[in-house]
Amino acid sequence: MFSFLILSTIIPLVLFIGLFFAFNPYFTRPELIFGVRLMDYQNFVPVINGMKKRNVIYDLLISVLFLVLALILSVYTSAIIAVLFPVAEIIPLTLVYFHFRGSTKELKSSVGEENNKNSTVSAYISKSSMNVSAVWYALPWIELIIFIIIGILHYPAIPNRFATHFGLNGKPNEYETKSIFSVFSLLVFTAIPLTVLLEGISYAINMTRSGSYNAQPRKSSIQMKGFNARMVKLLVGINMIILATLFLSSLIIWNVISSSYVAILTLPVILILPLVFWFAASSGQTGWKMYRNLEETPDKGNTVDDDKEWAGGLVYHNKEDSKILVPKRYGVGYTFNFSNKWSWLILIIIIGVPVTLTVLLILLR
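Shown next, in the form of structure tokens:
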């Protein structure tokens with residue numbers, strides 16, 4: 038049977054995934070309809086709005102279905118099955134996306150190439166860049182140092198043998214002998230690599246050059262600078278929430294906080310998911326919802342059709358583009374240029390570091 042801890046994590050995650058898929062079309066730039074660039078979208082507003090509304094209905098129905106299944110099957114399934122619910126939910130949601138993407142491609146074909154060739158814009162972005170104060174990058178490290186100092190001061194009070202893992206009922210089921218590694222496994226050997234990884238991603242976003250979209254190069258450039266700055270700060274906030282959760286987990290392990298409060302481990306999900314949704318809704322893809330009253334200069338940028346550079350509207354592959362990170366075509370955030378070999382290396386590191394740390398922690402116990 039699922040514990041309250043498992044359910045309190047799975048339920049908001051299932052709802053968040055459904056909401057994000059449902060409202061992604063509203064977060065994405067208006068000329069990008071389900072991953073297809075349609076510069077004459079103003080002529081098809083009723084049709085496009087109809088597709089967006091049906092997408093919301095279908096996605097929310099799927100989300101509710103998976104939520105009900107999670108609650109009903111919680112009596113019969115294990116915690117391992119619980120983890121699969123959010124992953125399985127993505128499959129039908131993605132199928133809904135491709136259904137409406139196909140409808141949008143048909144709509145674009147009905148317009149004709151001549152109506153689009155001088156209106157679409159490439160994923161290339163200009164050389165200008167934005168900067169975020171170094172203070173933001175320092176905040177997670179300051180927080181982590183404070184937590185480690187507290188751990189050092191409390192170290193003598195930690196018993197020679199203490200619980201390091203708790204079952205679904207909140208009772209300890211694994212113990213370890215006190216050592217530097219066992220006491221600081223979360224705050225040092227987990228938190229530091231995690232912070233380095235998130236700081237590296239933040240720095241890469243900070244250095245991402247701002248882009249020009251449509252016939253509004255100046256306005257779009259300013260919007261993307263603001264978007265990058267917001268996203269870096271969002272990642273800093275997420276990092277600090279995770280560090281706080283690791284610290285609270287350490288306090289439970291050190292027996293400073295009772296294991297009956299293990300539900301605090303759901304803190305990242307409860308805090309981070311609404312924060313990400315607010316960021317997407319208020320910023321929009323590449324910041325198109327920001328500074329909307331900003332006056333625009335009359336000059337126009339160079340434009341080419343870039344649909345062929347996006348497989349399924351989701352995967353960017355352009356050998357002529359040297360960038361590693363590019364703004365997502367559908368949704369909010371960044372994705373890799375999968376024609377760049379460095380993108381694959383970074384992706385392997387992002388996946389490999391957590392997996393390696395997990396394996397090492399298991400082997401060294």
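Going by this note's numbering, the first residue of the sequence shown is number 38, and it counts up by one from there. Ideal Cβ positions, reconstructed from N, Cα and C, are used throughout, including at glycine. Values in this document were obtained by computation on a predicted structure and should not be read as measured data.
Residues bridged to residue i (per DSSP)
i: residue 232; result: According to DSSP, which records beta bridges pairwise, residue 232 is partnered with nothing at all.
i: residue 348; result: 352
i: residue 95; result: Looking at the DSSP assignment, residue 95 forms no beta bridge with any residue, so it has no partner.
i: residue 367; result: Residue 367 pairs with nothing; no bridge assigned.
i: residue 73; result: 70
i: residue 212; result: 200
Assumed close pair residue i, residue j - CB separation to whole angstroms, cut-off 8 Å
i: residue 177; j: residue 84; result: Wrong, their Cβ atoms sit about 46 Å apart, outside the cutoff.
i: residue 231; j: residue 188; result: Not confirmed; about 16 Å, so no contact.
i: residue 107; j: residue 47; result: 6 Å
i: residue 280; j: residue 228; result: 6 Å
i: residue 367; j: residue 242; result: Not really, about 18 Å apart at Cβ, beyond 8 Å.
i: residue 65; j: residue 322; result: 5 Å
i: residue 358; j: residue 73; result: In fact, because the Cβ distance is near 19 Å, the residues do not count as touching under 8 Å.
Extent of the continuous alpha helix (DSSP H) run through residue i
i: residue 196; result: Element bounds for residue 196: n/a, residue is neither H nor E.
i: residue 317; result: 304 to 320
i: residue 299; result: Here residue 299 belongs to no alpha helix (DSSP H), and DSSP marks it neither H nor E.
i: residue 220; result: 217 to 220
Residues near residue i in its chain [Cβ-Cβ closer than 6 Å; skip 5 each side]
i: residue 150; result: Only weak support exists for where residue 150 lies, its pLDDT of 47 falling under 50; the coordinates are left without a value.
i: residue 404; result: Because the chain in this structure spans residues 38 to 402, residue 404 falls outside the shown range and cannot be described.
i: residue 153; result: Note that residue 153 scores 46 on pLDDT, short of 50, meaning its location in the model is unreliable; the coordinates nonetheless yield the value given after this. Closer than 6 Å at the Cβ level, and outside the excluded window around residue 153, lie 76.
i: residue 104; result: 51
i: residue 289; result: 296
i: residue 285; result: 301
i: residue 197; result: 215
Span of the beta strand (DSSP E), counted from its first residue to its last, around residue i
i: residue 364; result: 362 to 364
i: residue 371; result: 371 to 373
Classification of residue i by the beta-carbon crowding that lies within 10 angstroms, buried from 16 upward
i: residue 353; result: buried
i: residue 218; result: exposed
i: residue 275; result: buried
i: residue 123; result: buried
i: residue 6; result: Nothing can be reported for residue 6, as the shown portion of the chain is limited to 38 through 402.
i: residue 299; result: buried
i: residue 361; result: buried
i: residue 126; result: buried
i: residue 271; result: buried
i: residue 389; result: exposed
i: residue 194; result: exposed
i: residue 348; result: exposed
i: residue 69; result: buried
i: residue 365; result: buried
i: residue 379; result: exposed
Close Cβ partners of residue i (< 7 Å) along its chain, the five nearest in sequence each way excluded
i: residue 192; result: 220
i: residue 382; result: none
i: residue 96; result: 55, 58, 59, 130, 133
i: residue 363; result: 160, 353, 371, 372, 374
i: residue 238; result: 272
Nonlocal neighbours in the same chain, by C-beta distance under 8 Å from residue i, ignoring five residues either side
i: residue 185; result: 221, 224, 225
i: residue 394; result: 226, 227, 230
i: residue 236; result: 174, 177, 276
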